[in-house]
Amino acid sequence: MAITHATSDVPEVDPLVPTGAPGELLPGYASGPDSFGFWGMLGLITTEALLFSSLIASYFYLRFRAGPHHWPPAGIAPPELTLPLIMTAILWSSSIPVHLADHAIRRGSQRGLRLGLLGGFLLGATFLGLQLIVEYPKTLDLFTPRTNAYGSLFFTLTGFHGFHVLVGLAISVFVQIRAWQGAFDRHRHLMVRNFAMYWHFVDAVWALILCTVYLSPRL
Amino acid sequence: MATVHDATSSSSPSLEEMWGEPQGLGSWLSTVDHKRIGMKYLVTAMVFLVAGGVESLIMRAQLAQPNLHLISPEVYNQLFTMHGVTMMFLFATPVLSGFGNYLVPLMIGARDMAFPRLNAFGYWVFLASGIFLYSAFLTGHVPDAGWFNYVPLSGPRFAPGINIDFYALGLIFVAISTTAGAINFIVTILKMRAPGMSINRIPIFVWGELAMSFSIVFALPTLTVACVLLELERKFGFHFFDAGHGGDPLLWQHLFWIFGHPEVYIIILPALGMVSALIPTFTGRRMVGYIWIVIAEMATALIGFGVWTHHMFTTGLPQVAISFVALSSFFIAIPSGVQIFAWIATLIAGRPRLKTPMLFVLGFLLVFVIGGLSGVMFAAVPFDQQVHDSYFVIAHFHYVMVGGLLFPLFGALYYWLPKMTGRMMGEGLGKWSFWTMFAGFNVCFFPMHVMGILGQPRRTYTYQAGLGWTGPNLISTIGAFLLGLGIALTFWNWVWSRWHGAPAGNDPWGGDTLEWATTSPPPEYNFETIPTVASLEPTWDQPNLRDGAQPPEAGGRPLLGGHLTLSTSLLDGTPRAVVFMPHATLAPVIASLGLLVGFWGVVFGAWLLAGVGATVFAGGMIDWFWPRHQTQET
Ligand code: HEM
Ligand SMILES: [Cu+2]
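Chains A and B supply the protein sequences, listed in that same order. Taken in order, the first sequence gives residues 102 to 320; the numbers are from my numbering. Taken in order, the second sequence gives residues 21 to 654; the numbers are from my numbering.
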């Protein structure tokens, strides 16, 4: 198909563009609230937040239907906390390098961007690795998603969050490749900022998952 | 500075060069123009209206007489399920996205939607999910547990086989499209309004689309979660809904109706917005109580989230909860009442012109009031317990849905198609179509109130003679076919006007909003200059807007430096930035195809196929986000 693109990978747009109104110049690239992408990401995060809310509401609904003394059901001990808390520390600390990367590129620091993104990626991957390789096998020894509603909810909630971490990691890889190609600079970094928003969101949701799945049964 | 962005120099490319899209049939695959996407939505949704309509006619034929055996009970179950699913998810919501897609950027003076490629993606996913759901007919595994699909009837125990998997996965699939569209509308409406279009100058139809989009963003995830849980339970043996393992079937009902009640408003609000767009034009009078209508729309969207349990009065919920919800279900009638009074006031204050679109509006008013009244009757709990799941319910919601959606929609079609095609629809044929539809509708659905009070349950495959149901059923069936004929007349009118319609000109009706300030059909860039508006009815108050492009001295912005559009501030619409828009691309259609293959893989448990689909999807995504040109869309 004869679609022609201006294939310039290195952006050379002057940040100010005339609109044609007498004497009016406006930024030709925006990445905060003046950009559409920012609001689009906010919209995505809102629906995602509601997905998680519905899941958590389902958890408490079934829990209260089970009655006060049946959670976790007889024969299943309340969850172990040591490992989940270590995982929490790792996941939450991953937000720091991502935040630093986001601010580094606003100053124009390519190095800060790359290091920060890499650091966030490694910490996030560690979290996911611990969940899949240590936490899940340990839990599966006690109960499975098919044992009862408690087991189903445990794995659905944590798994759904883990899936979001995985998606975040995939986006991170993409953004890192672009970063190594030098696609971002002080003016053009919408993708970095949006990725950072998403990543912080996934980290924040973990707080709710932690309270619901790991802490609340011990109350 | 390597690239030159000088809007004033004569060397800059023309709008045609910057906005022109590839021509020819294949370009319908790659287009990102909101107008062509809107048209695709519109036509596809109408095809699904026909599919859902045919299904309902077969049902009505089966019920015309007692003890008929036109179709088997199994097929009957499949038909009412697919009819409900089709009408709600593949017709009503997408057709409003279609109108919105076409009209919202024009009405707010923008050059496209905020995310043109996401827009294309939304359309393709909608089409793919429709194909997915209807492919169930090919394999003979059509969903058959009703559009609200109650467990345990739809659970693994009572619904083995993959029929319900088509339902659960299909709804997840179509939700992707609906959500993408909704986010796009929200950003477009909040960030792309023409300079001067402050928040109190947004056309009411656009408000309707905005209310719909917010409701989608907040309500649809709950349905998605319900379907994901159901699918996990069906395919992988999880337990959420079966009481034997600590689950609860009522969880499904809660999740479904937390979504399901707002869904009704998702459909109704933009349709009411259409009515509010048509009435001023055809009465020549500004809308009475603009601000009240806007508040009412928003209030409806909000209250809609609080009343879902009124669908569950007969499930044995606690009495307090029921009383509370019953009360708020009465309240929800108030905002609708406000709007109805505002419309009637405008009609009385102005001089109504009885053109076809206006006839549909009047028909709507009558039918909608009846539907609203029977709705308030349900809020009385004892009455609800009497007519629950009887044909009275079917009557009520078709008065609301067909009356509240189909009539405004057809009015809107007569009103706006001339803008889209450049040709007028036939007026005489239009009137015939309206009267046939109006008569057919009432003949079809009014007797259902009677059938319901006489005790005929909904979803009955057939019935015995001598129960008093025979007469009303026959009448209802006749009405259904009459209604079908009326709809067909409009479709014929649409086709006919394509070749024989009178040229429409820019503004055939004397409308008050910005879409009338450009040609019919509009050029790819919508407006030669992005206008500055100074009131709620710009084309009435700024007559020079009709004379062609607003010159830069008067506030028009030519934005010539590229494939550009304007980003404006949220509240008062002051220009904030210039945004580079993406060009036509195949990435969205490829990604959607990947999704279709992937969903097929999952429904059949063919995991290799699912993997192939996921890979194609990922490929499409990478192509999408790999910046090739100076766009800044993500
Ligand atoms: C065009 C003319 C239409 C006719 C003749 C028609 C007819 C019917 C009939 C006879 C049923 C009841 C089946 C039963 O319970 O046994 C039904 C159910 C239903 N209709 Fe329609 N309908 C029409 C249009 C629509 C529209 C426009 C919508 C929505 C926008 C809609 C939504 C539904 C829904 C949600 C159900 C419930 C399905 C279920 O029980 O699972 N219908 N329709
Ligand atoms: Cu409701």
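No residue lacks a Cβ here, since even glycine has one placed at the ideal position from N, Cα and C. Just so it is clear, the structure is predicted and the values come from calculations on it, not from any experiment.
Heavy atom of ligand 1 less than 7 Å from the Cβ of B:MET471, yes or no?
no
Do B:PRO163 and B:TYR187 have their CB atoms nearer than 8 Å?
Yes.
Just checking my contact of B:PHE111 with B:LEU69 at CB under 8 Å: how many whole Å lie between their CB atoms?
5 Å
By the 10 Å Cβ neighbour count, where 16 or more other Cβ atoms means buried, how is B:PRO290 classified, buried or exposed?
buried
Between A:LEU214 and chain B, is there a C-beta pair that is closer than 8 Å?
no
When DSSP labels each residue in this structure, what does A:LEU117 get in the three-state scheme?
strand
Proximity winner among B:PHE333, B:PHE100 and B:ALA630, relative to B:LEU347 (alpha-carbon distances)
B:PHE333
Are the region 336–350 of chain B and the region 377–388 of chain B touching, with three or more C-beta to C-beta distances below 8 Å?
no
Start and end residues, alpha helix (DSSP H) containing B:VAL345:
339–351
Which of the residues in the region 34–67 of chain B, read from start to end, lie with their CB under 7 Å from any CB of chain A?
PRO42, GLY46 and SER50
Going by DSSP, name the residue or residues bridged to B:THR588.
B:PRO595.
Between B:ASN493 and B:PRO215, what straight-line distance do the alpha-carbon atoms span, to the nearest angstrom?
56 Å
Which residue marks the beginning of the beta strand (DSSP E) containing A:LEU127, and which one marks its end?
126–128
Contact between the region 188–200 of chain B and the region 522–532 of chain B is defined here as three or more beta-carbon pairs at a separation below 8 Å; is this criterion met?
no
Any beta carbon from chain B within less than 8 Å of A:PRO179's own beta carbon?
Not an interface residue.
What are the residues that DSSP puts in a beta bridge with B:PRO523?
B:ARG443
Report buried or exposed for B:ILE354, applying the criterion of at least 16 other Cβ atoms within 10 angstroms of its Cβ.
Of the residues assessed, B:ILE354 falls on the exposed side of the cut-off, its CB having fewer than 16 other CB atoms within 10 angstroms.
Any C-beta of chain B within less than 7 Å: which residues of the region 247–277 of chain A qualify?
ARG247, ASN249, ALA250, TYR251, SER253, THR257 and PHE275
Confirm the yes/no value for this check: CB of B:PHE100, any heavy atom of ligand 1, distance under 7 Å.
Yes.
Just by C-beta distance, which residues in the region 570–582 of chain B are closer than 9 Å to chain A?
PRO572, GLU573, GLY575, GLY576, ARG577, PRO578, LEU579, LEU580, GLY581 and GLY582
Is B:TRP232 near ligand 1, with its Cβ less than 7 Å from a heavy atom?
Sequence inspection shows Met at residue 232 of chain B; the Trp mentioned does not correspond to that position. Answer for B:MET232: no, Cβ out of range of ligand 1.
B:HIS418, enclosing alpha helix (DSSP H) - first and last residue
411–421
Within the present structure, is the beta-carbon of B:ARG479 separated from the nearest heavy atom of ligand 1 by less than 7 Å?
yes
Proximity winner among A:SER210, A:LEU152, A:LEU182 and A:THR147, relative to A:CYS312 (alpha-carbon distances)
A:LEU182
So, at 8 Å on beta carbons, what are the nonlocal neighbours of B:THR456 in its own chain, with the 5 sequence-adjacent residues on each side left out?
LEU502, LEU503, LEU505, GLY506 and LEU509
Using the Cβ count rule (16 or more neighbours within 10 Å means buried), how would you classify A:HIS171?
exposed
B:THR549 versus B:PHE260: straight-line alpha-carbon distance, rounded:
One Cα belongs to B:THR549, the other to B:PHE260, and the distance between them is close to 56 Å.
Keeping to the same chain, check which residues put their C-beta closer than 7 Å to that of B:VAL248; ignore five residues upstream and five downstream.
ILE192
Give a yes or no on whether the minimum CB-CB distance between A:PHE137 and chain B is below 8 Å.
It does: the Cβ of A:PHE137 has a partner Cβ on chain B nearer than 8 Å.
Shorter than 7 Å, the distance from the beta carbon of B:MET108 to the closest heavy atom of ligand 1, or not?
yes
Cβ neighbour criterion (16 or more within 10 Å) applied to B:SER18
Within the shown structure, residues of chain B are numbered from 21 to 654, placing residue 18 of chain B beyond reach of any answer.
Counting pairs of Cβ atoms below 8 Å between the region 267–275 of chain B and the region 157–166 of chain A, do you hit three or more?
yes
Does any heavy atom of ligand 1 sit closer than 7 Å to the C-beta of B:MET79?
Short note on B:MET79: C-beta closer than 7 Å to some heavy atom of ligand 1.
Take B:LEU252 as the anchor and find which of B:GLY175, B:ILE206 and B:GLY264 has the nearest alpha-carbon.
Measuring from the Cα of B:LEU252, the nearest candidate turns out to be B:GLY175.
Whole-number beta carbon distance between B:TRP312 and B:VAL284, since they are thought to touch under 8 Å
Not quite, the Cβ-Cβ distance comes to about 21 Å (not below 8 Å), so this is no contact.
In terms of alpha-carbon separation, which member of B:LEU437, B:HIS416 and B:GLY460 lies closest to B:GLY472?
B:HIS416
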